[in-house]
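Asks:
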Amino acid sequence: MKILVCMSVVPDTTTKISFIENNTKFNTQGVQFIINPYDELSLTKAIEIAEKNGGTVTVATVGLSDTEPVIRKALAIGANDAIRVNAEPKDGLQVASLLADIVKSNAYDLVLTGRESIDYNGGQICGLLAELLSWPAVNVCTKIEFENGNMQFERDIDGGRQNVTCSLPVIASAQKDLCEPRIPNMKGIMAARTKPLSVIEPNINETGSEYFQFENPVAKQAVRMIDANQAGDLINILKNEIKILS
Amino acid sequence: MIGIYAEISDGKFKKSVLEAASYANQMNSNGVVAFCVGSTNDDEIQKLSKYGVNKIVTIGSISFDSQNYTQILSKAIQKENIQTLILANTYEGKSIGPRLSIALNASLATNVISLPDMNQGFSVKRSVFSGKGFAYVKLIKDTKVIAITPNSIDLIERPTSISIENFDGAVSENKTNITSTHKAEGKIPLTEAEIVVSAGRGLKGPENWGMVEELANLLGAATACSKPVSDMGWRPHSEHVGQTGITIKPNLYIAIGISGAIQHLAGVSSSKVIVAINKDPEAPFFKAADIGIVGDAFEILPQIIAAAKLNLN
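Residue numbers (the working numbering), protein chains in the order written: chain A, 1 to 246; chain B, 247 to 559.
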C-alpha cells in the first residue's frame, strides 16, 4: 500500500502568539516549530498500517527550506521518504492544489492528514484534496484501519461517533484518540539523515483568499474575586448581574 | 442570492442553522435560500422563515457521504444562482464545506466569527492559532463559501414568507458506507453548548465527577475537561477542550480545578464569561477569568450547587 501523509509545520503549542509589520505577519522570532500534532497522529497511523499490511509512507509538506528539520523528524519517526513543495503556504486552496498534484502523479492508495493545523485551524485540506481528486473522504477519525481489504473508520459526528467503511483509494483526517504519537528513537534519527527528501518546485499558484491583518484577543479586565465562604453568590451574580442564567 | 446549508439533525434544524440564516439575512442581498438534505416538517421550515429565509430547496434523504452530498448540493446551489453560501462549522459542515468550495469554484473561509466587511473587497474575521489570535482574510473569488463558528453570530429575526421547492437530482452510489452510529442521548454537544462546566486534575479522580455533572445539569450545561484528565482516561477525549482538543466559545465557561495552561486557555478564551475555581491563588486561569474563587473544589462546588438549586428555574 502506498500511503501519503500531508503534514503542516506549525508553532509549538506553548508559543506566545504575536504579530509584526503592522500586524500583517506572524512573528516567528524565537518560535520553535513542530509537526502539526494531528498530522503526527496521521503519520504514526500510516506507519502502523504500512508495518501491518506492507507498504510505504511518504510525507509531503508545502513549505520553504526552513521546514526541513521538522520534515527530518517525520522521517525519524518512520516515514520512508519525503517531498517538500518549495512554496510558502498561503491558503488552503493553494496547499491542497499542490498536494493534489503529488497524489495524481504518484498513485497513492491512501492519503492521511490531520483534522486541522493548530496555526490556521482551517480544517480544509482533507475536504479540498478529496474534491480535487474526486475521492471519497472520511473526516475527523478516531480509528483508521485496513481490514479484510477495506478501510474501516470511526469518526466524530456532532454528539457522537460513527463507524464507516470504504474501499481504497480514500483520504481521511486524524482526530485525537486515533493513536499515541510515536517518538523517534536513535536508530530512526540516524536513518532519517540519509532518507530521500525530494524538493519540487510549485507548478500551480491558485489561491482563493488573502490574509492581510492579524490581531491578538483583547486582554480581559481584572478578575472579580468571590470569597470562598460565599461561593454560592456566584449563581446570584451570573443570574441577576450578568444575566447569563435564568 | 445568499444560500445557507440547513443541516438536519433528527428532523430538526439546529441553532447553528438559525445562526447561518441570521448571518445571511444581515448581508445585502435579494433573498436567502436554504438547502437541506433529508426530511423535516412544516413547523421547522416556518422557523427558518422567521430568520429571513425566503425559499427552501429540499433534497430527498440520502445516507451521508461528503462526496455525494457535495455533488447534489452543488447542483441545487448552482441552479439558484447563489453567490455566497453560509454553513455552520459543525462536523458535517467541516466535511462538506471545503468540498463545496471546489465544486462551486469558490473562495473558502472556515471558523468565521464576523459578518463580511465590504470595504476591503469581501473580507471576514476568523479565529486562528487555536484562539490565540484572529485573522482578517479577503475572499477573492466571485463565489464564496463561509463556515461560521457555532455561537459566534447573534440570532436576528427577520420574518418573511417562505416557498418550498424540491430538487431532484441523481447521485451515484455512496463510496463510504456508514455501518453504525452512536449518539449520546440527551447530551448537549460541547461545540454548541451555551454553558460549559469543565473540570481538571483538582477533582482528584473520575469518581468525583458526579458534582460536576450535577452542576452541569442544573445549569443546562455540557461537561468538558482538561487535557491531563482525558490523557489519564478519567474522562473521554471528546470532552477535552484546549489547543489540541476542542475549541469552544460558550456564553459561560466554568473551570473547576484547572490551572489554566496556555494550551487550555487557547481552546476556551473566546468564551463570553469565564469563571475560574482553583485552590492556588497564583493559578494562571485567574488572569484569563472574569470571576474567580480561590478554594478547594470539594468545598466550593457544593455551595454553588446548593445556590443553583435554590435560585434557578
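For every residue, glycine included, the Cβ atom is placed at its ideal position computed from N, Cα and C.
Mind checking A:Gly54: buried by the 16 CB within 10 Å criterion, or exposed?
Replies: With fewer than 16 other Cβ atoms within 10 Å, it is exposed.
Asks: Establish whether the CB of A:Gly160 and some CB of chain B are separated by less than 7 Å.
Replies: At least one chain B Cβ lies under 7 Å of A:Gly160.
Asks: Run through chain A and tell me which residues come within less than 7 Å of B:Asp536, C-beta to C-beta.
Replies: By Cβ distance, chain A contributes Lys220, Val223, Arg224.
Asks: Using a 10 Å radius around the Cβ and a threshold of 16 neighbouring Cβ atoms, would you call A:Glu206 buried or exposed?
Replies: Looking at its Cβ environment, which holds fewer than 16 other Cβ atoms inside 10 Å, A:Glu206 is exposed.
Asks: For the 8 Å Cβ check, are there 3 or more pairs between the stretch 456-468 of chain B and the stretch 171-180 of chain A?
Replies: As far as the Cβ criterion goes, the stretch 456-468 of chain B does not touch the stretch 171-180 of chain A, which means the pair count is below three.
Asks: So, does the CB of B:Arg345 fall closer than 7 Å to a CB anywhere in chain E?
Replies: Absence of chain E from the displayed structure is noted, the protein chains being A and B.
Asks: How would you call B:Thr437, buried or exposed, if buried means at least 16 neighbouring beta carbons within 10 angstroms?
Replies: The residue is buried, with at least 16 neighbouring Cβ atoms inside 10 Å.
Asks: When the Cα atoms are used, what is the spatial distance from B:Ala470 to A:Asn106?
Replies: Those two C-alpha atoms are separated by around 43 Å.
Asks: Rounded to whole angstroms, what is the Cα-Cα separation between A:Ala96 and B:Lys378?
Replies: Straight-line Cα distance between these residues: approximately 25 Å.
Asks: Using a Cβ cut-off of 8 Å, pull out every chain B residue sitting near A:Thr14, in sequence order please.
Replies: Here the neighbours are Ile508, Gln509.
Asks: Any beta carbon of chain A sitting closer than 7 Å to that of B:Gln549?
Replies: So, interface residue.
Asks: Buried or exposed: where does B:Gly257 fall if 16 or more other Cβ atoms within 10 Å of its Cβ makes it buried?
Replies: B:Gly257 should be labelled exposed.
Asks: To test your reading of the DSSP string, which unbroken beta strand (DSSP E) runs of 3 or more residues are found completely within the stretch 129-155 of chain A?
Replies: Qualifying beta strand (DSSP E) stretches, in chain order: 137-147.
Asks: My assumption, with CB atoms under 8 Å, is that B:Ser307 sits in contact with B:Gly284. Please give the rounded CB distance.
Replies: With a Cβ gap of about 4 Å, B:Ser307 and B:Gly284 count as contacting.
Asks: Can you tell me which residues form a DSSP beta bridge with B:Met457?
Replies: DSSP lists no partner for B:Met457.
Asks: Along the stretch 279-298 of chain B, where does the CB come closer than 8 Å to a CB of chain A? Name the residues.
Replies: Cβ contacts with chain A come from no residue of the stretch 279-298 of chain B.
Asks: DSSP three-state call for A:Ala126: helix, strand or coil?
Replies: With the sequence shown as reference, residue 126 of chain A is identified as Cys, and Ala is not the correct amino acid for it. Note: A:Cys126 maps to helix in three-state DSSP.
Asks: Could you name the residues that DSSP lists as bridge partners for B:Val385?
Replies: Val is not the amino acid found at residue 385 of chain B; the sequence shown has Leu there. The partner list for B:Leu385 (beta bridge, DSSP) reads A:Ser209.
Asks: Checking the sheet assignment: what are the DSSP bridge partners for B:Phe531?
Replies: For B:Phe531, which the question treats as bridged, DSSP gives no partner whatsoever.
Asks: Check whether the stretch 468-483 of chain B and the stretch 214-226 of chain A touch, using three or more Cβ-Cβ pairs below 8 Å as the test.
Replies: The stretch 468-483 of chain B is not in contact with the stretch 214-226 of chain A.
Asks: Going straight from the alpha carbon of A:Tyr38 to that of B:Ser407, what length do you get?
Replies: One C-alpha to the other measures close to 45 Å.
Asks: Let me know the secondary structure DSSP gives B:Ala543 once reduced to three states.
Replies: Correct three-state label for B:Ala543: helix.
Asks: Taking Cβ-Cβ distances below 8 Å as the criterion, which residues of the stretch 377-392 of chain B are in contact with chain A?
Replies: So the list reads Gly377, Lys378, Gly379, Phe380, Ala381, Tyr382, Val383, Lys384, Leu385, Ile386, Lys387, given in the order they occur along the chain.
Asks: Going by the DSSP bridge assignment, what does A:Ala174 pair with across the sheet?
Replies: DSSP, once it has assigned bridges, lists A:Gly114, A:Cys141 as partnering A:Ala174.
Asks: Return the first residue and the last residue of the alpha helix (DSSP H) that B:Gln366 is part of.
Replies: Element bounds for B:Gln366: n/a, residue is neither H nor E.
Asks: A:Phe212 to A:Asp233, Cα distance in whole Å?
Replies: So the alpha carbons of these two residues sit roughly 45 Å apart.
Asks: If you draw a straight line from the alpha carbon of A:Val31 to that of B:Cys282, how long is it in whole angstroms?
Replies: Whole-angstrom Cα-Cα distance: 44 Å.
Asks: Mind checking A:Asp119: buried by the 16 CB within 10 Å criterion, or exposed?
Replies: Burial call: buried.
Asks: DSSP state of B:Glu411, grouped into three classes?
Replies: In the structure shown, B:Glu411 sits in a strand (DSSP, three-state: E or B).
Asks: How should B:Glu411 be labelled, buried or exposed, when 16 other C-beta atoms within 10 angstroms of its C-beta is the threshold for buried?
Replies: Looking at its Cβ environment, which holds fewer than 16 other Cβ atoms inside 10 Å, B:Glu411 is exposed.
Asks: Hey, does A:Ala231 have any beta-carbon neighbour from chain B nearer than 7 Å?
Replies: For A:Ala231, the answer is yes, since a Cβ of chain B falls inside 7 Å of its Cβ.
Asks: Would you mind telling me which residues of chain B sit closer than 9 Å to A:Gly123, beta carbon to beta carbon, in chain order?
Replies: Per Cβ cutoff of 9 Å: Asn335, Lys340, Gly343, Pro344, Thr356, Asn357, Ala393.
Asks: For the stretch 11-43 of chain A, enumerate the residues whose C-beta is nearer than 9 Å to any C-beta of chain B, in chain order.
Replies: Listed by position along the chain: Pro11, Thr13, Thr14, Thr15, Lys16, Ile17, Ser18, Phe19, Phe26, Pro37, Tyr38.
Asks: Is the stretch 412-431 of chain B touching the stretch 385-403 of chain B, taking contact as three or more C-beta pairs under 8 Å?
Replies: At 8 Å Cβ cutoff, the stretches do not touch.
Asks: Which class does A:Pro11 belong to by DSSP, given the choice of helix, strand or coil?
Replies: DSSP places A:Pro11 in strand when its eight states are reduced to three.
Asks: Measure the CB-CB distance between B:Ile399 and B:Ser268 and report whether it falls below 7 Å.
Replies: Yes. Within cutoff.
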